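For reference, the structure discussed in these notes is given below.
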Amino acid sequence: MKAKLATFAVMLLFWVILSGMFDAFHLSLGVICCLLIAHFSHDLLFFGDGKYSNTKSLLGLLAYLPWLFYEIVLANLQVAYIVLNPRMYDLLDPHVIRFKTKLKRPISKVTLAQSITLTPGTITVSIHDDEFSVYALTRSASDSLPGAMEERVARALESER
Amino acid sequence: MTILSVTAIALLSLGLFFFFAGTVGILRLPDFYSRLHAAGKCDSLAAVLIIVGIALYNIEPFSFEALLVSAKLLLIAVVVFVTSPTATHAITEAALVLGVKPWTKAERKRP
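In structure tokens form, the structure reads like this:
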């Protein structure tokens with residue numbers, strides 16, 4: 008029931024932003040659509056798997072995003088430095104590293120993979136069970152993996168209720 | 772010049788810089804995989820910066836309609852942020868499966 012209500016609220020907010028019409032006709036259309044969606048697919052957006060609370064995960068994710076954005080800016084500057092450097096070929100050293108993660112939830116693995124891909128210098132190639140393959144552009148880009156990022160994802164999404 | 776438009780201009784210029792770096796990266800880097808770095812990621816930050824810049828520029832002069840348009844722009848930024856790394860990941864894995872050979876430092880020759 009809580010998941011249905013939350014889905015309904017998110018969908019309605021989305022509808023209002025996208026439609027921008029506030030007369031009774033358009034709003035009631037929106038409410039009907041959102042009720043249908045919330046009824047049929049409430050388990051898609053907030054898939055509580057018992058052990059973890061959605062609210063806590065959401066707050067954790069919100070706390071995680073500013074740090075991620077800071078990292079992305081830093082790492083983008085690094086890649087810009089490499090790319091604009093006249094002696095680029097001395098800096099480059101592409102290689103693939105593999106590591107095992109201790110994250111358990113699929114959502115946190117995906118978050119970690121996306122974060123690794125978003126921070127330049129590294130791309131997540133694949134996840135098999137708990138083994139990540141990461142393609143890194145330079146040695147220094149892969150040195151910090153998984154490290155701090157995994158810790159923060161774990162703190163954001165894996166704290167049990 | 773208000774503080775809002777100054778911020779917007781700063782964000783747009785930063786976005787342009789990162790797009791420029793990304794483009795130079797696509798042209799200069801040696802192989803498929805390293806080009807993906809430049810293509811998929813400098814772009815995601817640059818696109819988000821530019822979209823946020825436009826959104827800020829748009830809410831001045833302030834009106835409710837303009838706020839709605841800015842909210843839509845921010846939604847685009849969120850979508851770019853989520854889809855860009857997903858696409859990069861899918862393309863990389865497809866290339867590995869197809870057996871595209873990565874450039875390594877050991878070769879040391881420029882393609």
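Quick note, the sequences are listed as chains H and U, same order.
If you're matching positions, the first sequence starts at 8 in the numbering used here and goes up one per residue.
If you're matching positions, the second sequence starts at 772 in the numbering used here and goes up one per residue.
Every residue, glycine too, gets a C-beta built ideally from N, C-alpha and C.
All values derive from a computational prediction rather than experimental measurement.
Item: Where Thr-145 (chain H) falls: helix, strand or coil (DSSP); Value: coil
Item: Backbone CA spacing between Glu-831 (chain U) and Ser-26 (chain H) [nearest angstrom]; Value: 21 Å
Item: Alpha carbon of Ala-781 (chain U) to alpha carbon of Ala-826 (chain U), nearest angstrom; Value: 13 Å
Item: Per-residue contacts from Ser-133 (chain H) into chain U (C-beta, under 9 Å); Value: His-860, Thr-863, Glu-864 and Leu-867
Item: Through-space distance from Ser-784 (chain U) to Ile-44 (chain H), alpha-carbon basis; Value: 41 Å
Item: Distance CB(Ile-79 (chain H))-CB(Thr-126 (chain H)) smaller than 8 Å; Value: yes
Item: Contact list for Leu-807 (chain U) against chain H, beta-carbon separation under 7 Å; Value: Ile-130
Item: Assigned secondary structure, Val-117 (chain H) (DSSP; H/G/I helix, E/B strand, else coil); Value: helix
Item: Contacts that Gln-85 (chain H) makes with chain U (C-beta to C-beta distance below 9 Å); Value: Going along chain U, no residue has its Cβ under 9 Å from Gln-85 (chain H), so there is no contact; the nearest lies around 10 Å.
Item: Bridge partners - Val-103 (chain H), DSSP secondary structure assignment; Value: H:Tyr-142
Item: Among U:Gly-796, U:Phe-789, U:Leu-787 and U:Ile-774, the one whose alpha carbon lies nearest that of Leu-144 (chain H); Value: U:Gly-796
Item: Validate contact between the stretch 811 to 820 of chain U and the stretch 787 to 795 of chain U using beta carbons, cut 8 Å, 3 pairs; Value: yes
Item: Partner residues on chain H for Lys-843 (chain U), Cβ-Cβ distance less than 8 Å; Value: Ile-24 and Leu-25
Item: Min CB distance Leu-5 (chain H) to chain U below 8 Å; Value: For residue 5 (chain H) there is no data in the structure shown, the boundaries of chain H being 8 and 168.
Item: One or two residues paired with Val-130 (chain H) in a DSSP bridge; Value: The displayed chain sequence assigns Ile, not Val, to residue 130 (chain H). Answer by DSSP bridge pairing, in chain order: H:Tyr-142.
Item: Minimum Cβ-Cβ distance from Thr-124 (chain H) to chain U less than 8 Å; Value: yes
Item: Residue from U:His-808, U:Ser-855, U:Val-849 and U:Thr-875 with nearest C-alpha to Ala-82 (chain H); Value: U:His-808
Item: Proximity test, Cβ basis, 8 Å: Leu-144 (chain H) and chain U; Value: yes
Item: Test item: CB-CB of Gln-121 (chain H) and Pro-856 (chain U) under 8 Å; Value: yes
Item: Exposure label - Leu-775 (chain U); buried when at least 16 CB within 10 Å; Value: exposed
Item: Member of H:Arg-159, H:Ser-147 and H:His-102 whose CA lies at the smallest distance from the CA of Lys-872 (chain U); Value: H:His-102
Item: Residues that Ile-79 (chain H) contacts on chain U, provided the C-beta gap is smaller than 7 Å; Value: Leu-816
Item: 7 Å Cβ cut-off: residues of chain H touching Pro-856 (chain U); Value: Gln-121, Thr-124 and Leu-125
Item: Where the alpha helix (DSSP H) containing Asn-83 (chain H) begins and where it ends; Value: 61 to 91
Item: Beta-carbon contacts of Leu-12 (chain H) that lie in its chain and below 7 Å, excluding the five residues immediately before and after; Value: none
Item: Sub-8 Å separation of Ala-161 (chain H) and Leu-110 (chain H) beta-carbons; Value: yes
Item: Test: Ala-792 (chain U) CB closer than 8 Å to a CB of chain H; Value: yes
Item: Beta carbon of Arg-105 (chain H) nearer than 8 Å to that of Ser-140 (chain H); Value: yes
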